[in-house]
Amino acid sequence: MTQHTDLPSELLPTTVREFFAAHVVRDADTASSFLAEDAVVVDQGETFRGREVAHAFLRDAGSEFEYTTEQIGARRVDDAHWVVTVRLEGTFPGGVAELDYRFALRDDLVAELVIANHQA
1120 MTQHTDLPSE LLPTTVREFF AAHVVRDADT ASSFLAEDAV VVDQGETFRG
1170 REVAHAFLRD AGSEFEYTTE QIGARRVDDA HWVVTVRLEG TFPGGVAELD
1220 YRFALRDDLV AELVIANHQA
């Protein structure tokens, strides 16, 4: 059953919460520690396969810009799938973006992460 209610951060699975906390402060080493060895990360249609490749993406993504990240929503899809919605504001083209981080978990690790424009 899909739940569409917004959840406070503390109700997200520890894996999602801690990955996201590290990602927001641009700590790619810690964020990557929550990825499965065969993790798949998709950002704006580009796919990164495996923990090492995903780590490089997490380390370098957006590094040319300054921006803030604010969690504006979160929801449980099912036991293995969670969505965190964030609002970015910064020096990138357009200056503001709302993104969904769609997590698929396996064995308490992120097996797949899809980052895409938020669909209201």
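Residue numbers (the working numbering): 1120 to 1239. We put the CB at the ideal spot given by N, CA and C, even for glycine.
According to the DSSP secondary-structure assignment, residue 1188 is paired through a beta bridge with 1207. For the pair residue 1202 and residue 1225, the CB atoms are not nearer than the 8 Å cut-off. Here the alpha carbons of residue 1148 and residue 1235 stand approximately 22 Å from one another. Residue 1204 counts as buried, since no fewer than 16 other beta carbons sit within 10 angstroms of its beta carbon.
The alpha-carbon separation between residue 1229 and residue 1132 amounts to approximately 11 Å. Taken in chain order, the complete alpha helix (DSSP H) segments of 4 residues or longer contained in the region 1128 to 1192 are 1133 to 1143, 1147 to 1151 and 1170 to 1179.
With fewer than 16 other beta carbons inside 10 angstroms of its own, residue 1199 counts as exposed.
Annotation: residue 1156 to residue 1193 spans about 25 Å, alpha carbon to alpha carbon. The C-alpha of residue 1218 is placed about 15 Å away from the C-alpha of residue 1212.
Inclusion of residue 1185 and residue 1209 in the CB contact set at 8 Å is warranted, their separation being smaller than that value. Contact between residue 1177 and residue 1150 holds, with the beta-carbon distance rounding to 5 Å and staying under 8 Å.
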